[in-house]
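Undergrad: Got a structure here, written out as structure tokens. Questions coming.
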Amino acid sequence: MGLCLLFSQPDSYALNLDPINAIVDQDQVAGIIKDERGQALAGATITVKGTSVQASSNQQGIFSIRAKRGDVLVVNYQGFAKQEVAVSTGNVNVVMVSSDQALEEVVIIGYGKQRKGNITG
Numbered sequence: 148m149g150l151c152l153l154f155s156q157p158d159s160y161a162l163n164l165d166p167i168n169a170i171v172d173q174d175q176v177a178g179i180i181k182d183e184r185g186q187a188l189a190g191a192t193i194t195v196k197g198t199s200v201q202a203s204s205n206q207q208g209i210f211s212i213r214a215k216r217g218d219v220l221v222v223n224y225q226g227f228a229k230q231e232v233a234v235s236t237g238n239v240n241v242v243m244v245s246s247d248q249a250l251e252e253v254v255i256i257g258y259g260k261q262r263k264g265n266i267t268g
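Taking my numbering, I'd label the letters of the sequence shown as residues 148 to 268.
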């Protein structure tokens, strides 16, 4: 059950405090994530800043997320600098900029033991 406050004064406004119905006030925002060469980036993570609303881009770099005008989308992709883009229309296109620093965050650890004869033919 949500809570709705109504005032009897003509200059007062109705206030909807129902978090489930608050989603109705939001729009669907779509866009494309590409790199500097124009190649689509599949698997980029798009988050509405300050919320837990997330989406990821598909194989063509296309995404769709529930956000409203004025929200900020945070776009992350490994090997690229994080981008923050303000939503002003229903379409948002993002060009990710490569970052050497982001690649330093990756640590590869391998465990196991093989006999040399099993590895070489």
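For each residue, glycine too, the CB sits at the ideal point set by N, CA and C.
Remember, it's a predicted structure, so these values are computed and weren't measured experimentally.
From the DSSP output, read off the bridge partner residues of Thr-236.
TA: In DSSP, Thr-236 forms no bridge with anything.
Undergrad: Spell out the partners DSSP gives Gln-207 in its beta bridges.
TA: Beta-bridge pairing links Gln-207 to no other residue.
Undergrad: If I'm right that Ile-212 touches Ala-228 with Cβ under 8 Å, what's the distance once you round it to whole angstroms?
TA: Rounded, the Cβ-Cβ distance is 20 Å, inconsistent with contact.
Undergrad: Roughly how many whole angstroms lie between the Cα atoms of Gly-237 and Ala-177?
TA: Roughly 6 Å between the two C-alpha positions.
Undergrad: Quick check on this structure: which residue in Lys-215, Ser-245, Val-244 and Tyr-258 has the alpha carbon closest to the alpha carbon of Thr-194?
TA: Looking at the Cα atoms, Lys-215 is the closest of the given residues.
Undergrad: So, for Gly-257: in the same chain, excluding its five sequence neighbours on each side, which residues have a beta-carbon less than 8 Å away from its beta-carbon?
TA: If we look at Gly-257 and ignore the five residues flanking it on each side, it has no Cβ neighbours.
Undergrad: For Ser-246, name the three-state secondary structure that DSSP assigns.
TA: Coil.
Undergrad: Quick check: Gly-208 and Ile-180, are their CB atoms within less than 8 Å of each other?
TA: Yes, Cβ-Cβ distance for Gly-208 and Ile-180 is below 8 Å.
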